[in-house]
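Number 6 in UniProt numbering belongs to position 6 of the sequence shown; there are no gaps in the numbering.
A short worksheet on the structure shown next.
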Amino acid sequence: MSKSKDKDTKGGGTIALNRRARHEYHIDQRYEAGIALQGWELKALRAGRINFGESYAIVRDGELFLYGASIPPLISASTHVIAEDRRIRKLLLHRHEIDHLIGATERKGYTLVPTAMYWKGNKVKVEIGVARGKQEHDKRDTAKERDWQREKQRTMRSHNKAA
Numbered sequence: 001m002s003k004s005k006d007k008d009t010k011g012g013g014t015i016a017l018n019r020r021a022r023h024e025y026h027i028d029q030r031y032e033a034g035i036a037l038q039g040w041e042l043k044a045l046r047a048g049r050i051n052f053g054e055s056y057a058i059v060r061d062g063e064l065f066l067y068g069a070s071i072p073p074l075i076s077a078s079t080h081v082i083a084e085d086r087r088i089r090k091l092l093l094h095r096h097e098i099d100h101l102i103g104a105t106e107r108k109g110y111t112l113v114p115t116a117m118y119w120k121g122n123k124v125k126v127e128i129g130v131a132r133g134k135q136e137h138d139k140r141d142t143a144k145e146r147d148w149q150r151e152k153q154r155t156m157r158s159h160n161k162a163a
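Have a look at this one:
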């Protein structure tokens with residue numbers, strides 16, 4: 001008998017995207033980090049309950065932590081566990097990656113912003129972006145460029161239909 005492919009379809013996929021990060025920041029580099037979660041948090045993530053639009057990461061005492069991510073507990077979560085939805089969660093990276101992030105944030109003034117959370121196998125991964133804040137004129141330029149690309153696509157489609 002051959003193995004079924006349920007394993008790939010059951011655990012894969014994106015849990016949440018931080019679209020606001022792309023609007024507010026120029027993201028220069030991305031790192032994949034594991035995250036230390038409790039059991040009730042995993043159940044809530046499987047149900048898609050997370051909000052990390054206002055979250056950020058900080059290096060403290062040589063370790064990386066995620067602040068501001070809200071994972072509201074399910075009603076059916078365990079009754080003997082007191083669930084704190086905005087607790088500080090530890091991010092798991094290799095030492096040399098953490099050292100690089102320390103250099104980027106302390107010396108160069110970058111910010112660590114979570115851009116995505118997704119399943120990789122049966123583990124939850126967080127994509128951390130090393131980012132610089134955008135000025136107001138940068139945001140306008142980005143919107144203008146996006147509108148121009150959209151208009152260009154419309155023009156090309158209408159031109160191809162006529163031909």
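Note that the Cβ used here is the ideal one computed from N, Cα and C, for glycine as well.
Every value quoted in this text rests on a predicted model; they were computed, and no experiment measured them.
Once the 5 residues before and after residue i are set aside, which same chain residues still bring their CB inside 7 Å of it?
i          : result
residue 56 : 67, 68, 111, 112 and 113
Buried or exposed, going by whether 16 or more other CB atoms sit within 10 Å of the CB of residue i?
i           : result
residue 18  : buried
residue 81  : exposed
residue 102 : exposed
residue 33  : buried
residue 104 : buried
residue 2   : With a pLDDT of 47 at residue 2, under the threshold of 50, the modelled position of that residue is not reliable, and no figure is offered here.
Leaving out five residues on either side along the sequence, give the residues of the same chain with a beta carbon under 6 Å from the beta carbon of residue i.
i           : result
residue 117 : 15, 16 and 126
residue 115 : 18, 21, 127 and 129
Would residue i and residue j qualify as a contact pair, given that the criterion is a beta-carbon distance under 8 Å?
i           : j          : result
residue 30  : residue 65 : no
residue 146 : residue 25 : no
residue 139 : residue 23 : yes
residue 35  : residue 92 : yes
residue 60  : residue 70 : no
If you pair each beta-carbon of the region 38-56 with each one of the region 74-91, do three or more pairs fall below 8 Å? yes
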